[in-house]
Amino acid sequence: MAHISELIAQDIDAYLKQHEVKSLLRFITCGSVDDGKSTLIGRLLHESKMLFEDQIAALEADSKKVGTRGDEIDYALLLDGLAAEREQGITIDVAYRFFSTDRRKFIVADTPGHEQYTRNMITGASTADLAIILIDARKGVLVQTRRHSFLVSLIGVRHIVVAINKMDLVDYSREEFDRIEAEYREFAAKIGLEDITVIPLSGVKGDNIIERSSNTPWYKGPTLMNLLETVEVNEERLQKQPFRFPVQWVNRPNLDFRGFAGTVVGGVVRRGERIRVQPSGRESTVARIVTADGDLEQAVANQSVTLTLADEIDISRGDVISAAAAPAQVADQFEATIVWMGDDPMLRGRSYLLKLGAKTVTATILPLKYKLNVNTLEHIPAEQLTLNEIGVVELELDRRVAFDAYKDNRDTGGFILIDRLTNNTIGAGMLHFALRRADNIHWQAVEVNKEARRKLGGQGSAVVWLTGLSGAGKSTVANLLEKRLYRMGKRTYLLDGDNVRHGLNKDLGFTAADRVENIRRVAEVSKLMVDAGLIVITAFISPFISERRMARDAVETDEFIEVFVDAPLHVAEERDVKGLYKKARRGELKNFTGIDSPYEPPQEPDIHIDTTTTSAEEAVELIVARLNASGLLE
Amino acid sequence: MTILTHLQRLEAESIHIMREVVAEADKPVMLYSIGKDSAVMLHLAKKAFYPAPPPFPLLHVDTTWKFRDMYVMRDRMASETGMDLIVYQNSEAQALNINPFDHGSEIHTDMWKTQGLKQALDKYGFDVAFGGARRDEEKSRAKERIFSFRTATHHWDPKNQRPELWRLYNTRKNKGESIRVFPISNWTELDIWQYIHLEKVPIVPLYFAALRPVVDRNGTLVMVDDERMPLRTGETPMIKSVRFRTLGCYPLTGAVESEATTLPQIIQEMLLATTSERQGRMIDHDSAASMEKKKQEGYF
């Protein structure tokens, strides 16, 4: 794998010295199927002598067996790593490749051009400094070219190389090249791409990849390798940003040392510099920058270090240490762009885990402002996002976090969304700005508060949340419970599914999105009533775990009692008090829970009532006993 | 303006990954195979948590067929770092006396390594295991995530991997799942050697050329490391100046003839070499997709 360097044989020490100071560039290649992407990467690896003879031998054998290039080497086979892909002949995931020259080490993210794999491209581009966008000279700028360009601009890749490939197949025509370049630049200007280099090349023949090609004497720009070796790496820009340091881990080996371990994700930190801990806002001074190789005077973006501070202040994982003179913003409501990567759609009102830096919080999706057609850049009104869709949303977090706009800093402005049930990463997001709404509408600090109202009423307040299939007996239990509490002289209010849908929620239907909104409103109303000092009883199917969790999160932990009114589907269906199951079975009622819409049973309900063995009266006794035990009836 | 070198960037990335694991895992462990990649990974762990020692134990899934020098190195590193060393040997493989000579590389590797690893992780309840695999080693690795999830039965599902964006790793796992984390995913063989050279990372002497007794088996030079090595009729060990580019079980690891006795000489040889390092490792030879298959079954 010798780089062509005579130094290796003659003076290995000098060679090593030279190679100790290489920089690192990460880039992504994007193109449609058959644009020659894998061939181009294979060529770069080959030309930089990163392939060994045994690998070339294996490649030649594979090329003959499954290759698509006749007797020639099929470089694509080098990259299509997984057996399933090799059979299908397409790249289906992100693969990382490495090569280096005398000046730089390169990490290449190779991502597929297929429409359904937007998430892979976004993933590969998230760490890239540069993107190579391949265009087949015979086909020109395609819908996919626009889409790939838009995605790389969205994720903030700063340098774009447009590789007009297969020039050999258009006889190295300057006219074709000029036409495609003009068309591309016009489009790129619209989406705000700035640093663009257009290169005519041939991956198969090797034109303008390493050496300037004699086939394109009219082309005066750099070769591809030349550009890759000299383009400005992101670090330079990053170091000019204000200092940011998300605390990953508190290092406390003994009582004398308390260090904050993390990676500098923006700017430079110097010993003695004034810093601010966010979101708390406390300030201190950097006492030491600790590394295993000795203390440093300064640390720059991308370095992993451990900081100690002059003052003892409370800092934990997820806090951000910032330059005191230029701190990050702190907020709990944002506008953001989200790329949806989950199989289930993103729903308004649903809550997800959000990881930003080293902090994981709960985020609730507020209105979706619009989704984007990535081919036409149109804004389309939408209620939800499905797999590979991109939209602009408002988000609310359960606590304040430090952040920067994504365009200023990828690390303090980029986040992932995690499904609470499957634990999968289902979205990637980029923060735009904080919504001032939360700041402007201050919660009215009223003097008569919940405690005062409870005292006057001589009782506690809480939500008794009944969940279960239609026909399980929720309303029966709810009614009996309210009567029982009334007789005990307790102030209550019963929110029943059917009744609420006649008024407050009569604009909502039964789609998954509407069901989420239905429960969100009920949760909010319950919260106000708890604040008013009442015991609220709710009787809703509330089929989804995440909405029930949202309702629980809306109030204090000891104010929510989840009661699972459990009847097996066949029992509930036999009862069929309202005749709804029959209708649903006949197909007259869509999205009916248990029939064609799922019910997610509670995993750990506070009270579990098996209605096949427990009567409604017994159920009420169980609930009252629980209310008593929690001191809510005093 | 300070432009970090590629090695500084790689080091910082690996440290970031290790800290993320320690902050979020319940019971992490580092798989320590004593080779050069493990040596670098261990060195990085020492840096990541300095001045504290790495807050997890080392686990060596032992096949009982490693080179003697490797066992010496293992015990030395454990005592130098002050980390707990857990050595696990599959008792079933031991009872059946599984060895590469009688059972072949496939069964040997499966019983001692694949099954042994699964048993060890289950026995101690480790939820995250660091491994020293690199993406440049082999094609299926190139597509594996840094945080690679395994089902309760330790299977890998390459079609169902979580996207990894920016420096953000989703470490949340479902009941019974565990994670293999590869902090040196983005290092190449050359990076590893350069780093060992620059940082003076201690490595097993077998990587350096010395006079050693070897026999030629189908073009592969196998070292006669102890008396368990059965010699074929008429076979006498030759004394040759050899070294190893990769280390595993001694009967399954081919030596190369070499005069390289210093790190720069090793790097020089590697740069001028014409075959890749895994060629000396026999398990990859089985079939083109062999590593992917082994991984799906739980190997690493």
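In order, the protein sequences belong to chains A and B. In terms of our numbering, the first sequence opens at residue 52 and continues consecutively. In terms of our numbering, the second sequence opens at residue 53 and continues consecutively. Backbone N, C-alpha and C fix where the C-beta goes; we use that ideal spot for every residue, glycine too.
Bridge-paired residues (DSSP) for residue i
| i | result |
| --- | --- |
| A:E386 | A:E445, A:F484 |
| A:E613 | A:W516 |
| A:P297 | A:V371 |
| B:M82 | B:L110, B:F182 |
| A:M251 | The residue you asked about is not Met; residue 251 of chain A is Pro in the sequence shown. Bridge partners of A:P251: A:I215. |
| A:K534 | Note: A:K534 sits in no beta bridge, so no partner. |
| A:S355 | A:T314 |
| B:M290 | B:V266 |
| A:Q292 | In DSSP, A:Q292 forms no bridge with anything. |
| A:G465 | A:M481 |
Residue i, buried or exposed, once every other Cβ within 10 Å from all chains shown has been counted against 16
| i | result |
| --- | --- |
| A:A686 | Outside the shown range of chain A, which is 52 to 685, sits residue 686 of chain A, and nothing can be said about it. |
| B:L56 | buried |
| B:L62 | buried |
| A:W269 | exposed |
| A:L649 | In the sequence as presented, Leu is not what sits at residue 649 of chain A; that position holds Pro. Exposed is the call here. |
| B:L304 | buried |
| A:I592 | buried |
| A:G332 | exposed |
| A:E685 | exposed |
| A:L423 | buried |
| B:K88 | buried |
| A:G560 | exposed |
| A:L579 | exposed |
| A:N305 | exposed |
| B:Y102 | buried |
| A:K534 | exposed |
| A:H553 | exposed |
| A:I79 | buried |
| A:V499 | exposed |
| B:F153 | exposed |
Chain B contact residues for residue i, given Cβ-Cβ distances below 7 Å
| i | result |
| --- | --- |
| A:H70 | Q246 |
| A:W300 | R71, V74, A75 |
Proximal residues of chain B, C-beta to C-beta of residue i below 9 Å
| i | result |
| --- | --- |
| A:T162 | Near A:T162 there are no residues of chain B at all, since even the closest Cβ is about 11 Å away, more than 9 Å. |
| A:T342 | K99, Y102 |
| A:D144 | K195, P210, K211, Q213 |
Residues that residue i contacts on chain B, provided the C-beta gap is smaller than 8 Å
| i | result |
| --- | --- |
| A:N474 | N222, R224, K225, N226 |
| A:Q290 | M53, T54 |
| A:T465 | At residue 465 of chain A the sequence reads Gly, which differs from the Thr that was named. Chain B residues near A:G465: L217, W218, L220. |
| A:A60 | Q320, L324 |
| A:V351 | T54, L56 |
| A:R461 | W218 |
| A:T314 | A64, I67, H68, R219 |
| A:A409 | E72, A75 |
Partners in chain A for residue i, counting only beta-carbon separations shorter than 7 Å
| i | result |
| --- | --- |
| B:P316 | I63, D64, L67 |
| B:K88 | Residues of chain A passing the Cβ test: none, with the nearest at roughly 16 Å. |
| B:F101 | N302 |
Any non-hydrogen atom of the ligand GTP closer than 7 Å to residue i Cβ
| i | result |
| --- | --- |
| A:A361 | In the structure on display, the ligand GTP does not appear, and there are no ligands present to speak of. |
8 Å Cβ cut-off: residues of chain A touching residue i
| i | result |
| --- | --- |
| B:N238 | Y147, F149, I158 |
| B:L250 | E71 |
Any chain C beta carbon closer than 8 Å to residue i
| i | result |
| --- | --- |
| A:L91 | This model lacks chain C altogether, as its protein chains are A and B. |
| Which ranges does the alpha helix (DSSP H) cover as unbroken runs of at least 4 residues, wholly within the region 201-286 of chain B, from first to last along the chain? | 241-251
| task | Quick one: which residues of the region 195-223 of chain B get their C-beta closer than 8 Å to a C-beta of chain A? List them in chain order. | result | K195, P210, K211, Q213, R214, P215, E216, L217, W218, R219, L220, N222
| field | Members of the region 174-186 of chain A that neighbour chain B once the beta carbon cut-off is set at 8 Å | value | Correct list: T174, S177, T178.
| request: Could I get the ranges of all uninterrupted alpha helix (DSSP H) runs contained in the region 62-96 of chain A, with 4 residues as the minimum, in chain order? | output: 63-70
| request: Report the residues of the region 104-133 of chain B with a CB closer than 7 Å to any CB of chain A, ordered along the chain. | output: A104
| message | Any C-beta of chain A within less than 7 Å: which residues of the region 167-194 of chain B qualify? | response | R187, D188, K191, S192, A194
| said: Please give the ranges of any alpha helix (DSSP H) in the region 612-667 of chain A, keeping only runs that are unbroken, at least 4 residues long and fully inside the region. | reply: Every alpha helix (DSSP H) of 4 residues or more that sits fully in the region 612-667 of chain A is shown, in chain order, as 620-626, 631-636.
| query | For the region 255-271 of chain B, which residues have a beta carbon sitting closer than 8 Å to at least one beta carbon of chain A? | reply | none
| query | If contact means a Cβ-Cβ distance below 8 Å, which residues of the region 135-161 of chain B contact chain A? | reply | none
| task | Ignoring anything shorter than 4 residues or poking outside the region 151-196 of chain A, list the alpha helix (DSSP H) runs there in chain order. | result | Runs of the alpha helix (DSSP H) inside the region 151-196 of chain A: 169-176.
| query | Got a sec: which bits of the region 255-287 of chain A sit with their beta carbon under 8 Å from any beta carbon on chain B, in order along the chain? | reply | V284, E286, E287
| field | Residues from the region 57-68 of chain B in contact with chain A, defined by Cβ distance under 9 Å | value | T57, H58, L59, Q60, R61, L62, E63, A64, E65, S66, I67, H68
| request: Could you run through the region 381-406 of chain A and flag, in chain order, every residue whose CB is less than 7 Å away from some CB of chain B? | output: M392, K406
| query | If you scan the region 105-181 of chain B from start to end, which runs of the beta strand (DSSP E) of 3 or more residues do you find wholly inside it? | reply | Annotation: the region 105-181 of chain B contains the following complete segments of the beta strand (DSSP E) (minimum length 3 residues), in chain order: 110-113, 137-140.
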